[in-house]
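As they're listed, the protein sequences go chains A and B.
Quick note: the first sequence, position 110, residue 110 per the UniProt record's numbering, numbers continuous.
Quick note: the second sequence, position 58, residue 58 per the UniProt record's numbering, numbers continuous.
To keep things clear, I will list the structure first and then write my remarks on it.
There are 2 protein chains.
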Amino acid sequence: MKQASSKTRSVRGSRTGRPIMALLDLLGRRWSLRILWELREEPLTSRALRAACDEASPTVLQARLTELREAGFVELGDGGGYGLTVLGRELCETFMPLHRFAERWRSKSGV
Amino acid sequence: MKQASSKTRSVRGSRTGRPIMALLDLLGRRWSLRILWELREEPLTSRALRAACDEASPTVLQARLTELREAGFVELGDGGGYGLTVLGRELCETFMPLHRFAERWRSKSGV
DNA sequence: TTCCCTTGCTACATTTATCGTAGCAGCACG
DNA sequence: CGTGCTGCTACGATAAATGTAGCAAGGGAA
């Protein structure tokens with residue numbers, strides 16, 4: 001597997017030494033959660049991922065993918081295509097109950 | 001409890017009719033996850049919340065708080081102070097395992 | 001009343017992030 | 001050779017976040 005470059009893009013909040021803050025910051029960036037969500041079942045090529053993410057700009061997607069790779073959640077397969085690492089799969093399952101919650105949420109709120 | 005204005009700030013992704021997308025988008029905005037996290041134990045005044053969020057600009061915090069109120073996750077108490085609604089507390093517990101995950105994550109990744 | 005302090009909230013100029021479109025180099029297939 | 005895919009990038013336009021300052025409303029205390 002190819003390694004993400006380690007030019008250490010600083011994660012806001014990591015300075016506090018509280019990893020939860022760094023994680024919340026990373027996941028709180030645009031498209032981060034969505035990318036993990038779309039990769040939850042199978043690896044996707046960069047273009048397929050873009051299609052799954054409502055044609056979001058490739059600029060941000062590349063940026064998020066690089067960050068997620070540096071964080072160890074996503075990896076680029078040898079034959080191309082982005083997939084979750086073991087760690088990434090754990091993370092994904094951590095907030096998988098969000099799906100059921102979202103359904104309940106809609107029924108209560110009219111957003 | 002005071003109600004958040006309902007001028008329907010559109011949530012990106014809600015057009016697809018898939019509530020999980022709307023939720024991922026809302027939570028994927030800056031400081032959203034952090035705000036929920038900081039309110040997890042007790043209500044905080046707007047200024048205390050700001051302090052807890054590394055002195056983030058009050059402009060975004062107000063925006064996020066309004067969105068979270070409209071979504072039904074956060075409410076403004078009568079005597080002042082922001083707190084989680086019942087729904088918000090459920091949501092918060094949904095990704096509470098993230099805390100433990102973050103600790104394991106740091107030990108594996110050098111971010 | 002006046003003074004002081006805290007509440008939620010906003011204005012505004014600057015900086016940063018994201019968007020949208022286009023296009024690059026590399027590789028495989030025919 | 002061209003065709004079509006891959007990951008990835010440049011760049012101007014636009015939207016969002018930052019940082020600083022300050023507002024009006026309300027609650028005491030003197």
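Built from N, CA and C at the ideal position, the CB exists for glycine as well.
- For residue 90 of chain A, no beta strand (DSSP E) encloses it; the enclosing alpha helix (DSSP H) starts and ends at 86 to 94.
- Here DSSP, grouped into helix, strand and coil, assigns residue 44 of chain B to strand.
- Nearest in C-alpha terms to residue 105 of chain A, of all of B:36, B:103 and B:72, is B:72.
- Counting only the Cα atoms, residue 78 of chain A lies some 43 Å from residue 52 of chain B.
- Residue-level contact by beta carbon holds for residue 34 of chain A and chain B, with a gap shorter than 8 Å.
- Per the coordinates, the alpha-carbon of residue 33 of chain B lies some 10 Å from the alpha-carbon of residue 21 of chain A.
- DSSP, reduced to helix, strand and coil, places residue 55 of chain A outside both helices and strands of the structure shown, so it counts as coil.
- If you look at residue 33 of chain B, you'll find it in the alpha helix (DSSP H) that goes 32 to 38.
- Under a criterion of Cβ atoms nearer than 9 Å, the residues of chain A adjacent to residue 28 of chain B are, in order, 27, 28, 29, 30, 31, 32, 33 and 34.
- Shown here for residue 80 of chain B: same chain residues with a beta carbon closer than 7 Å to its own, the five before and five after excluded, namely 45 in chain order.
- Its chain contains 53, 56, 60, 61 and 64 as the residues whose beta carbon lies nearer than 7 Å to that of residue 31 of chain B, once the 5 sequence neighbours on both sides are disregarded; these appear in chain order.
- At a cut-off of 8 Å between C-beta atoms, residue 102 of chain B counts as an interface residue with respect to chain A.
- Neighbours of residue 94 of chain B in chain A, taken as residues whose beta carbon is under 8 Å from its own, are 95, 97, 98 and 101 in chain order.
- Looking at the backbone, the Cα of residue 102 of chain B and that of residue 95 of chain A are separated by about 13 Å.
- Within the same chain, and ignoring the five residues on either side of residue 36 of chain B in sequence, the residues whose Cβ sits closer than 6 Å to its Cβ are 92.
- No Cβ of chain B is located within less than 8 Å of the beta carbon of residue 84 of chain A.
- Residue contact with chain B for residue 58 of chain A: absent (no Cβ-Cβ distance below 8 Å to any residue of chain B).
- Listed along the chain, the chain A residues whose CB falls inside 9 Å of the CB of residue 91 of chain B are 98, 101 and 105.
- Contact with chain A is found for residue 19 of chain B, since one of that chain's Cβ atoms lies less than 8 Å from the residue's Cβ.
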